[in-house]
Amino acid sequence: MLRLLRIDLKKLVNYRAFWVLNIMYGLLIFSIPISVMEFLKWLKEKGAELDGFDPMKIPVLHFPDIWQNITYVYVFLKIFLAIVVIISISNEYSYKTIRQNIIDGMSRVDFIKSKLLTILLLSLGSTLFVFLTGLLTGFIYTPNVAVSDMFTGIEFVFAYFLDLFTYLVFAFLLTVLLKRSALTIFILLLYLPIEYAITGNLPESMEFIAEYFPLHAINNLIEFPFAKYWFQEIQDYVSLSAVGVVFVYLALFIYAIYAKLKASDL
């Protein structure tokens, strides 16, 4: 397994796009909490207090709210890592390295494993960075830190990992189907609006089906958290049913990748 990972990473680190996209991704993760607090400070300085309400007291980056808040925002950045995956796999076709690997004795299953291991590494690395950023940010901005509050809601970090990993596997599948990086990125960006357009036009009796569309299901892992700050009820937990649906899609994506590669003349 480690041999397969090393083979894939050796190719990946030679891509300039890998470093550029990962650096941009990391900088955004680190800078978003700082930007949020600076914005709240700016509101306060501009006199945006309403009836004595201080914007700085909104616990957006306080424990335990921070875990759902930052993971919800950070999942919007996953397109950066998806592009890394797409470029990595499309280059296998463009430079015919996938064919050479098969000739040299690598099976199609080994090829899939190597890419899944790379996706797993990217997902784990991102999740660790998100966790450490959340921990540091929470320590800085929470007025009175309690250990119980620090880890309340930590399940959203695991939901973030599952969301990211499944999305990257979906990007893997699209690339195997389309093979060209620009087209795959375009379709990936277009897919969610198309999915929302379809589900938005479902008859009322069939609206429940929307929750089971692929990207809907993935996005359901972490629900929109900010409505609670204007006193609306939110889902402040990770639904086990949502997790189950995503695992089903994850298995289907991997099987579809295997079926496509098995049937392809590489």
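Sequence positions in the sequence shown follow numbering that gives the first Met the number 0 and run 0 to 265.
Cβ coordinates follow ideal geometry from the N, Cα and C atoms, glycine included.
| query | result |
| --- | --- |
| Range covered by the alpha helix (DSSP H) that runs through GLN67 | 64-73 |
| Chain-order list of residues whose beta-carbon lies under 6 angstroms from that of PHE62 (same chain, five-residue window excluded) | GLY137, THR141, ASP148, MET149 |
| Span separating the alpha-carbon of GLY279 from that of GLU44 | Past the edges of the chain, shown from 0 to 265, lies residue 279, and the structure says nothing about it. |
| Given 8 angstroms, three or more beta-carbon pairs between the stretch 185-199 and the stretch 93-108 | no |
| Alpha-carbon to alpha-carbon, LEU172 and PRO213 | 13 angstroms |
| Under 8 angstroms between C-beta atoms of LEU260 and PHE110 | yes |
| Continuous alpha helix (DSSP H) assignments of at least 4 residues falling wholly in the stretch 205-247 | 213-218 |
| Of the residues ARG15, LEU120, THR70, the one placed nearest MET0, counting alpha carbons only | LEU120 |
| For PRO192, the first and last residue of its enclosing alpha helix (DSSP H) | 180-199 |
| Straight-line Cα distance separating GLY199 from PHE207 | 11 angstroms |
| Among VAL19, ILE28, TYR257, the one whose alpha carbon lies nearest that of LEU131 | ILE28 |
| Cβ of VAL244 within 8 angstroms of any chain D Cβ | Looking for chain D here will not work: only one protein chain is present. |
| Pair within 8 angstroms by beta-carbon distance, VAL156 and ILE256 | no |
| Touch test, the stretch 12-20 against the stretch 68-75, Cβ-Cβ under 8 angstroms, three pairs minimum | no |
| Residue closest to ILE221, alpha-carbon to alpha-carbon, out of ALA158, LYS178, LEU60 | ALA158 |
| Supposed close pair TYR166, ALA81 - CB separation, criterion 8 angstroms | 6 angstroms |
| Close Cβ partners of GLU154 (< 6 angstroms) along its chain, the five nearest in sequence each way excluded | VAL237 |
| Neighbourhood of SER89 by C-beta, 7 angstroms cutoff - its chain only, sequence neighbours within 5 removed | THR174, LYS178, ARG179, SER180, THR183 |
| DSSP state of ASN143 mapped onto helix, strand, coil | coil |
| Segments assigned alpha helix (DSSP H), at least 4 residues, entirely inside the stretch 77-112 | 77-93, 96-102 |
| CB-CB length for LEU3 against SER113, believed under 8 angstroms | 4 angstroms |
| Any alpha helix (DSSP H) of 4 or more consecutive residues that is wholly inside the stretch 141-175 | 146-149 |
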